[in-house]
Amino acid sequence: MSSLSANDLHKIFTKLDKNGDGLISIDQVKWLLERIGFHTTLEELQRLVGPTTSLDSIEFFIFYDIVVKSNIGRSNQTNSFDGDLAEAFKVFDLNGDGFISCEELQKVLSRFGLWDEREGRDCKSMINIFDTNSDGLLDFEEFRTMMVSSS
Ligand SMILES: [Ca+2]
Ligand SMILES: [Ca+2]
C-alpha cells in the first residue's frame, strides 16, 4: 500500500481532471485506487461518497484519506473469504442444487475423515443448529454462519 502526499494527490487530481472542470468522476477514483493497490467496487465507493458521481479536489482529498484510513483492503479479505466459502459450499453441495442436505453434509465430512460415527453425531441436529429458515437444508448464508462460528 502506498500512501500519497497532498502534493501528489493534487497532481493526480489535475491529471485525472481531463476536462479541467475541477471535478473527477467516481470511475476515475476507482481507477486511481486500483493503481495504488486498493481494489474496490463502484458500489462500495458509491456508499462512501454518497449520492454524488463526481468529486471536487477537496472531496477527493478527504475521500482519499478516509479510504486509506478505513483500509478498503479489509473488505477485500472478506470478499476472498466469501470466495473461499463459495468454493467450500460447492464441495458440500454434491448435487449442485444450492443447498446442503443432511446426507451431503455427512458424506463430505466422512470423505475428509471429519465424520466420526462413534460420536453418535447426527447430521440433522447439526443442520438444525444453523438452519435458520428450518427447511432442513443449509443454504449458502446458513453454511456461512456455520463456517464462521466453527472457525
Ligand atoms: Ca445439495
Ligand atoms: Ca435452511
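Letter 41 of the sequence shown, counting from 1, is numbered 41 in UniProt numbering, and no numbers are missing. All C-beta atoms in this analysis are idealised placements derived from N, C-alpha and C, irrespective of residue type, glycine included.
Assuming residue i contacts residue j (C-beta within less than 8 Å), just tell me the rounded distance between them.
i, j, result
"L94", "I127", "Between I127 and L94 the Cβ distance is about 15 Å, and since that is not below 8 Å, they are no contact."
"I23", "D17", "For the sequence presented, residue 23 should be read as Leu rather than Ile. L23 to D17, Cβ: 7 Å. Contact."
"S54", "F13", "Not quite, the Cβ-Cβ distance comes to about 12 Å (not below 8 Å), so this is no contact."
"F112", "I100", "No, F112 and I100 are not in contact; Cβ-Cβ is about 14 Å, not under 8 Å."
Run the CB neighbour count on residue i, radius 10 Å, all protein chains shown included, and call it buried at 16 or more, exposed below.
i, result
"E142", "buried"
"S134", "exposed"
"L114", "exposed"
"F38", "buried"
"E43", "exposed"
"D131", "buried"
"residue 156", "Since the displayed the chain opens at 1 and closes at 151, residue 156 lies outside it and no answer follows."
Expressed to the nearest angstrom, what Euclidean distance is found between the alpha-carbon atoms of residue i and residue j?
i, j, result
"P51", "L45", "10 Å"
"K124", "F89", "18 Å"
"G20", "V29", "15 Å"
"N7", "R35", "17 Å"
"S75", "T40", "Low confidence applies to S75: its pLDDT is 49, below 50, so where it sits in the model is not reliable, and the reading given next is rough at best. Distance between the alpha carbons of S75 and T40 is about 8 Å."
"D65", "L33", "12 Å"
"R144", "D97", "17 Å"
If you measure from the CB of residue i, is any heavy atom of ligand 1 nearer than 7 Å?
i, result
"residue 152", "Outside the shown range of the chain (1 to 151) lies residue 152, about which nothing can therefore be said."
"D93", "yes"
"S101", "yes"
"E87", "no"
"E104", "yes"
"D97", "yes"
message = Which residues end up in the neighbourhood of ligand 2 when you take C-beta atoms closer than 6 Å to any of its heavy atoms?
response = D131, N133, D135, L137, L138, D139, E142
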